[in-house]
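These notes concern the structure reproduced below.
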Amino acid sequence: MESVPLSLWIIFCLFLLATLASAVYCIVRGRSLNLSYLTVVITLALPVISLLFAAQRPRDMTEWGYFWSQLVGGNILAVLILASLLYLGAWWLRLFEGEKYVVAWYRELRNRMGKKDETAKERRSRQGKTRDGT
Numbered sequence: 001m002e003s004v005p006l007s008l009w010i011i012f013c014l015f016l017l018a019t020l021a022s023a024v025y026c027i028v029r030g031r032s033l034n035l036s037y038l039t040v041v042i043t044l045a046l047p048v049i050s051l052l053f054a055a056q057r058p059r060d061m062t063e064w065g066y067f068w069s070q071l072v073g074g075n076i077l078a079v080l081i082l083a084s085l086l087y088l089g090a091w092w093l094r095l096f097e098g099e100k101y102v103v104a105w106y107r108e109l110r111n112r113m114g115k116k117d118e119t120a121k122e123r124r125s126r127q128g129k130t131r132d133g134t
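Structure representation (structure tokens):
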């Protein structure tokens with residue numbers, strides 16, 4: 001039986017855990033409660049639905065090949081999985097779009113990294129001058 005690489009499964013599980021953590025954080029903070037609860041339900045239901053869907057897969061097909069063939073065929077579980085993944089993607093876009101502090105944090109981090117690069121360049125140029133004796 002063919003399968004997708006383990007690294008892809010790890011990334012998928014980390015994505016689900018991060019999504020669950022962000023939804024719980026929003027619930028605790030009182031932000032978008034209805035959407036946060038829906039995100040928790042989808043995040044917990046998605047692995048179960050995916051497992052039920054994958055159990056139907058023939059041995060000679062990969063998960064992706066089976067998923068796309070069933071999606072084109074209109075399998076309700078495949079459509080539900082795709083809709084869930086699209087919703088979770090929209091959750092992350094909405095989460096980052098509405099959070100101004102995330103954008104500010106990113107800009108500050110980028111500026112700090114730029115300053116470190118400039119400082120390193122200055123250090124290199126100073127070290128080069130001292131080595132040459134100038």
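Numbered according to the UniProt record's numbering, the sequence shown spans residues 1 to 134.
Backbone N, C-alpha and C define an ideal beta-carbon position, used for all residues, glycine too.
Here Ser7 is exposed. Its C-beta has fewer than 16 other C-beta atoms within 10 Å. Note that the C-beta distance between Ile81 and Ile49 is below 9 Å. Contact check between the region 61 to 80 and the region 21 to 39: fewer than three CB pairs, one atom from each, fall below 8 Å, which does not count as touching. Taken in chain order, the complete alpha helix (DSSP H) segments of 4 or more residues contained in the region 6 to 41 are 6 to 29. Boundaries for Gly74: no alpha helix (DSSP H) harbours it, and the DSSP string shows neither H nor E there. Apart from the 5 residues on each side of it in sequence, Ser22 sits with its Cβ closer than 7 Å to the Cβ of Leu95 in its chain, given in chain order. Shown here, Ala45 sits in a helix according to DSSP, grouped into three states. Setting aside the 5 residues that flank it on each side, Trp92 is surrounded in the same chain by Thr19 and Ser22, each with a C-beta closer than 8 Å to its C-beta; the list follows chain order. Counting of Cβ neighbours within 10 angstroms places Gln70 among the buried residues, the total reaching 16 or more. About 7 Å separates the CB atoms of Leu16 and Leu46; that is less than 8 Å, so the two are in contact. Trp64 is not a Cβ neighbour of Val24, given a cutoff of 9 Å.
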